[in-house]
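Sequence lines, in order, name chains A and B.
Take the position in the first sequence, starting the count at 1, then add 1; the result is the number in the numbering used here.
Take the position in the second sequence, starting the count at 1, then add 1; the result is the number in the numbering used here.
Glycine included, each C-beta is placed from N, C-alpha and C at the ideal position.
The block underneath contains the structure these notes are about, expressed in structure tokens.
Number of protein chains: 2
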Amino acid sequence: MPFIFIFKTLCLFSSLLLSLCLNSSSDLHPLDPLTPSEISQIRSIVKGSNHGSTQNLTFQYVGLDDPDKNTLLSWLLNQANNSKTPPRRAFVIIRNNKQTHEITVDLSTSSIVSDQVYKGYGYPLLTFEEQGAANDLPLKYAPFKESVSKRGLKLSEIVCGSYPIGWFGEMNKKKQRRLVKVLCNYLDGTVNLYARPLEGITMVVDLDTMKITDYDDRITVSVPKAEGTDYRSFQQKPPFDPNASRRTILQVDGPGFNITGHRVRWADWKFHVSFDVRAGPIISIASIYDLKKQEFRHVLYRGYISELFVPYMDPTEEWYYRTFFDAGEYGSGICAVPLEPKTDCPSNAVFMDGFYAGQDGKPIKISNVICVFERSAGDIMWRHTETEIPGEVIREVRPEINLVVRTVLTVGNYDYIIDWEFKQSGSIKVGVGMTGLLEVKGVNYTHTDQIKEEVYGTLLAENTIAVYHDHFLTFYLDLDIDQEDNSFVKCKLQTTKVMDDSSPRKSYWKVVREVAKHESDARIKLGLEPAELLVVNPNERTKVGNYIGYRLIPGFPVAPLLSDDDYPQIRGAFTNYQVWVTPYNKSEKWAGGLYTDQSHGDDTLAIWSLRNRAIENKDIVLWYTVGFHHVPDQEDFPVMPTLHGGFELRPSNFFESNPVLKTKPPKNVEFFQSNLVSSVDDETT
Amino acid sequence: MPFIFIFKTLCLFSSLLLSLCLNSSSDLHPLDPLTPSEISQIRSIVKGSNHGSTQNLTFQYVGLDDPDKNTLLSWLLNQANNSKTPPRRAFVIIRNNKQTHEITVDLSTSSIVSDQVYKGYGYPLLTFEEQGAANDLPLKYAPFKESVSKRGLKLSEIVCGSYPIGWFGEMNKKKQRRLVKVLCNYLDGTVNLYARPLEGITMVVDLDTMKITDYDDRITVSVPKAEGTDYRSFQQKPPFDPNASRRTILQVDGPGFNITGHRVRWADWKFHVSFDVRAGPIISIASIYDLKKQEFRHVLYRGYISELFVPYMDPTEEWYYRTFFDAGEYGSGICAVPLEPKTDCPSNAVFMDGFYAGQDGKPIKISNVICVFERSAGDIMWRHTETEIPGEVIREVRPEINLVVRTVLTVGNYDYIIDWEFKQSGSIKVGVGMTGLLEVKGVNYTHTDQIKEEVYGTLLAENTIAVYHDHFLTFYLDLDIDQEDNSFVKCKLQTTKVMDDSSPRKSYWKVVREVAKHESDARIKLGLEPAELLVVNPNERTKVGNYIGYRLIPGFPVAPLLSDDDYPQIRGAFTNYQVWVTPYNKSEKWAGGLYTDQSHGDDTLAIWSLRNRAIENKDIVLWYTVGFHHVPDQEDFPVMPTLHGGFELRPSNFFESNPVLKTKPPKNVEFFQSNLVSSVDDETT
């Protein structure tokens, strides 16, 4: 108790220490992720049930069972009156005796509320531990050892990885088993294992029995060389790029934001940041203070990446099934990595840790899994110079400072940088940066002139094809514009011809406003017709009568190119449109279905939406997919310069006028450079 | 002479002073903009010719007549041998006795090389001075004074502006006169004059006679109120937004770039920044040092905004002609404004001045018209965390620092923030930010419920309609990938069906490479079919055989919605496609034609391109248009939060591998916050 007291006191004095401060359970916000002690408690409860008697119980998913939206919203409303926090519950998926169980645990009563066997298609998230176990199997498997030796390679330099097998039309349920393909790569002089595939060798592992059930050494292909693949600083040889000049950000007043537990308060924004083993970072109950109305107004009830679909474009034996659903198969949260201070996040960042349950149910910590920082990129929030008024020159400029919540999801080879960026002007901008390593295919070619067949990718280096692929990141965006009941509006921009002599002009465009009544009205392929897409509150208008809302500013429209009847696309049918709107339904969280591994596509957003439910003036959820077609370039090798994408949610007649008009110009900061103490790193690093 | 010596010496020691250092003419780079003394020299030369005898000689355009590309490139090649600088020439457009003259001046011989009367359609840039003279006319014009008094307004609070009249089908050349429409706005309690139009009063001014030739007081409309329109800080009343916490950027080693005259050297980049009264900022001969090849390699010979087309969507009497061509009618350079240190550009920026010739031919200075700064926005250049190798965790992260060359063009009400951003990885990213004030229409409506007719815009406030409009910024991009002879390649992404049982997959996409042979092959409406668009050097390949090139990463595709036969669209036909490619032709600089004011669209990119010239393996120019459809929101009033767009030119198999692999991690900087001296501004500002 005294220990906790000291920590809490420290918390008051240093926001840098905030991430260290774990609140006692009674202080928890109802949306806070499960704490390590809660995760341990859940383990005890499940182990204490009849599941405890078996040896092969594994925890595949342990996460907060968030309170019903109504419960949470009324708790929020009555927070001032010290209303009782909704009971903490967890949703748990376990595997036991080759069965998948869905268990709801009540933490306040330490009891299991429900326990159901899942009997549909598909399997839960792969755990790190079972992947690790599967990856170790080949190294003790005689046929594999023989294949390695036949190729003249060293077994000690081999690292294997687990790949979901997907689904390709097999409907016999009895034959369905929890399988992964295991493929191997080679180190021997590099840490860039993805650059050195043992192309041609495929193993299938049954995760329930943890045995290799199928082995195929189909073709022998040159392993690409190690030279030029290592990306570590100390492995590079001169000549070097010029050193970047050293710089840092000085925040004279300290950070401009406060973090209390998982609640963030910055400028006029307040919101909650959570972390889930499947979704990764989750932004909740984001509200902005309206200076004119003198109140906080709801914007986003919940936002997170619901699925990441990454299909590769090579139909051959070793590649056809590589159609990853990163969130549903591997878990975005499991893949989130500790962020490096001063490089992954700038020097003014504050970090938060994340916790998840390991396969044995015990809590595992990911340090610094989220960082929060004020970004002052040198952008201008608004400005004007007025030279038209005789005798006067007026110049008003407000530089832009935004708040960024960053996570990096490293799903095997790829690193996704996910930025939730809040603007003082009310925008929420989501940035997706893609970097990391390419997944390459070994070939015998060393020059494009030798290639006379389809190779499904770019020859990046000798013996190295980077296979064409897509990235689709589907965001769940439960916008609540002031209240839950909202409508989705398409403001179509339509050419109108002037048919009479009323004007010397022959044409102009007008705005035709269409309110989506049912889900089918809100499925949108972007780029086909110009339109502004809005979520509005049809029950509220500004003083001059405009509907208040938020506008989606999408990125470059990217649509899937697989045929609709192709199995990966059936499972990834939620990418068929970049925009969907559904009525809020607590169970509809995962665009690719709750059990994505080996799913048949029968539980996707595309299927839910077929019911064509009413969405006008309802609590609605907007789904938006950021897409990239990736034709790799040699520059992407051996590590890829970040490619950016994203979208923005921008207030549209939400405020009565520019909400940052009254933002004062920044105060000046002077400093004496001579007072700096610079620590020069060792030249070798 | 000693004075110059001191300046030059100072230049060596402080890059902050560099912008003050005017080189003597012999030190000039052939692409340097005209110096003040050269502008004065040109004035003397022209005044000394037979044009000097008339009273009404006006200088409409004075700019560098840049050397022929071949001349410049061979000078560049032989720079080391102290080869002779190509002769400095100027291109001058004057008006004299109601005629437009094109004059070429040789500065080395102080002579006029050629002087031709332009007899085609259209007129040169409007000068500031003639606009000022036209804007003053109404204040002394009896019918206007009567209209003002009839409305109960104060003449002293009126400010008028000049608007190009456009062209709407009139073909009789004899009737053609150099006219502008003059419209007026009201101050009286605000400096936001654009918010208070005197709707319904239109004057036509003949610029050659400087007289009002037409006057129409057609309708009387309420002038929107001043309240809530002023954007100056001291005019705002509480409650205020929270103060932003103070911050600054410390560059321990000073800026990471060097500026010598107009030449910029940063990281592996070197390029030239110029300034032209019509184009605004011009980036030339941008080359990047290739660490592997140990040489500078050409990327961009020349890049600038060729035209800004801004058509409004209101066909009524006072609005139909508002279809602005900002670069060709007003001049982007004339509209460039002095940048405010620490707000328009961050505290680590270095500034350059610009000069242009006034109507009388005398040099006019725009201080701080360009700023150059290193942007460290907290982004990540590349990273990877490797957790798959047993017993090892590898993390390599390189934060991103870019170099930005910024200009702000304030064309009346709108402020365009133009950023040319250079990345260490070889990308050139162009950012367009739009802020400033909306051009609004006065109406009698105070609530949308009263509106029963088309109003062509959004009711932003009482009596205030913001008219729908577009912004099209057409960029001239003369890419020279290693050499001048390049090809434009469309790599189309095409769905391919698997028709046999060779794969469990039914489809994938492949890349179909099409080299554009003629101009018609390179006119592209984006968003219709997925493709990578590249400028490649067909005469060079990487070691493994890929064509070296740069890829255009476009922004969200925005196409014009006016009908093709509408007069403004005939004049703005260069926006019919977002992408065009033309063979290099020194005279094809201005997408909307050299004489854009009242142009008939007979000298646009769309017309040149009709010749359908060969473009394969030629010196080619890429034209790309950044577009916005703007449906204004109440948040855009009274000043608009910046809306962003842009595009990127990214190396694509230009380098053999990631060119920033060897960039070292940044060195650490420590500082004692206590040593900071902060000057707190007066609370009232």
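Can you give me the C-alpha to C-alpha distance between residue i and residue j, rounded to a whole angstrom?
| i | j | result |
| --- | --- | --- |
| glutamate 39 of chain A | glutamine 117 of chain A | 21 Å |
| valine 499 of chain A | leucine 180 of chain B | 25 Å |
| glycine 556 of chain B | alanine 615 of chain B | 27 Å |
| asparagine 669 of chain A | aspartate 565 of chain B | 52 Å |
| lysine 1 of chain B | threonine 449 of chain A | Outside the displayed span of chain B (2 to 686) sits residue 1 of chain B, for which this structure offers no information. |
| leucine 199 of chain B | cysteine 185 of chain B | 6 Å |
| asparagine 24 of chain B | histidine 299 of chain B | Any reading at asparagine 24 of chain B must be qualified, since the residue scores a pLDDT of 40, below 50, and its modelled position is unreliable; no value is offered. |
| serine 148 of chain B | valine 441 of chain B | 20 Å |
| arginine 233 of chain A | proline 666 of chain B | 10 Å |
| valine 373 of chain A | phenylalanine 129 of chain B | 48 Å |
| isoleucine 159 of chain A | proline 660 of chain B | 28 Å |
| arginine 399 of chain A | aspartate 598 of chain B | 34 Å |
| aspartate 479 of chain A | glycine 593 of chain A | 17 Å |
| leucine 11 of chain B | tryptophan 76 of chain B | Any reading at leucine 11 of chain B must be qualified, since the residue scores a pLDDT of 36, below 50, and its modelled position is unreliable; the value itself is stated next. For leucine 11 of chain B and tryptophan 76 of chain B, the distance between alpha carbons rounds to 28 Å. |
| aspartate 69 of chain A | serine 112 of chain A | 19 Å |
| glutamate 171 of chain B | arginine 514 of chain A | 36 Å |
| cysteine 22 of chain A | proline 243 of chain B | In this prediction, cysteine 22 of chain A has a pLDDT of 38, which is less than 50 and means its spatial position is unreliable; nothing more can be read from the coordinates. |
| phenylalanine 473 of chain A | glutamate 649 of chain A | 17 Å |
| threonine 110 of chain A | aspartate 66 of chain A | 15 Å |
Mind checking whether residue i and residue j have CB atoms under 7 Å apart?
| i | j | result |
| --- | --- | --- |
| leucine 623 of chain A | valine 582 of chain A | yes |
| arginine 576 of chain B | proline 561 of chain B | In the sequence as displayed, the identity of residue 576 of chain B is threonine instead of arginine. In this structure, proline 561 of chain B lies closer than 7 Å to threonine 576 of chain B by Cβ. |
| asparagine 414 of chain B | tyrosine 195 of chain B | yes |
| glycine 304 of chain B | isoleucine 335 of chain B | no |
| valine 632 of chain B | valine 516 of chain A | no |
| glycine 647 of chain A | valine 433 of chain A | yes |
| serine 377 of chain A | leucine 563 of chain B | no |
Taking the alpha carbon of residue i as the reference point, which residue from the options has its own alpha carbon closest?
| i | options | result |
| --- | --- | --- |
| leucine 78 of chain B | B/Pro642, B/Gln484 and B/Asp603 | B/Gln484 |
| glycine 550 of chain A | A/Glu515, A/Pro505, A/Trp591 and A/Phe489 | A/Phe489 |
| methionine 641 of chain B | A/Ala560, A/Ser653, A/Asp637 and A/Thr459 | A/Ser653 |
| arginine 384 of chain B | A/Phe352, A/Asp361 and A/Leu439 | A/Leu439 |
| lysine 85 of chain B | B/Leu73, B/Glu387, B/Val93 and B/Ala91 | B/Leu73 |
| threonine 344 of chain B | A/Phe310, A/Thr386, A/Cys336 and A/Leu340 | A/Thr386 |
| threonine 36 of chain A | A/Asn586, A/Ile381, A/Leu563 and A/Ala358 | A/Ala358 |
| glycine 64 of chain A | A/Ser610, A/Asn613 and A/Ile365 | A/Ile365 |
| proline 312 of chain A | A/Ser588, A/Gly573, A/Ala592 and A/Pro633 | A/Gly573 |
| arginine 152 of chain B | B/Ile202, B/Val183 and B/Asn173 | B/Ile202 |
| proline 256 of chain B | B/Val394, B/Arg178, B/Asn403 and B/Val183 | B/Asn403 |
| leucine 527 of chain B | B/Ile419, B/Val114 and B/Gly628 | B/Gly628 |
| glycine 190 of chain B | B/Arg178, B/Thr230 and B/Gln177 | B/Thr230 |
Hey, could you find the ends of the beta strand (DSSP E) residue i is sitting in?
| i | result |
| --- | --- |
| valine 278 of chain A | Here valine 278 of chain A belongs to no beta strand (DSSP E), and DSSP marks it neither H nor E. |
| leucine 73 of chain A | Unbroken run through leucine 73 of chain A is the alpha helix (DSSP H), 70-78; no beta strand (DSSP E). |
| aspartate 107 of chain B | 100-107 |
Would you kindly report the start and end of the unbroken alpha helix (DSSP H) that includes residue i?
| i | result |
| --- | --- |
| cysteine 336 of chain B | 333-336 |
| tyrosine 568 of chain A | 568-572 |
| serine 653 of chain B | It is not in any alpha helix (DSSP H) - serine 653 of chain B instead sits in the beta strand (DSSP E) that spans 641-653. |
| leucine 606 of chain B | 606-609 |
### Query
Quick check: the segment 339-353 of chain A against the segment 239-250 of chain A, are there 3 or more CB pairs under 8 Å?
Contact holds: three or more Cβ-Cβ distances are below 8 Å.
### Task
Kindly confirm or deny that the segment 52-68 of chain B and the segment 92-99 of chain B touch, where touching means at least three C-beta pairs closer than 8 Å.
Segment contact: the segment 52-68 of chain B against the segment 92-99 of chain B, three or more CB-CB distances shorter than 8 Å; contact assigned.
### Task
Answer yes if the segment 455-469 of chain B comes into contact with the segment 213-226 of chain B, meaning at least three C-beta pairs across the two stretches below 8 Å, and no otherwise.
Contact check between the segment 213-226 of chain B and the segment 455-469 of chain B: three or more CB pairs, one atom from each, fall below 8 Å, which counts as touching.
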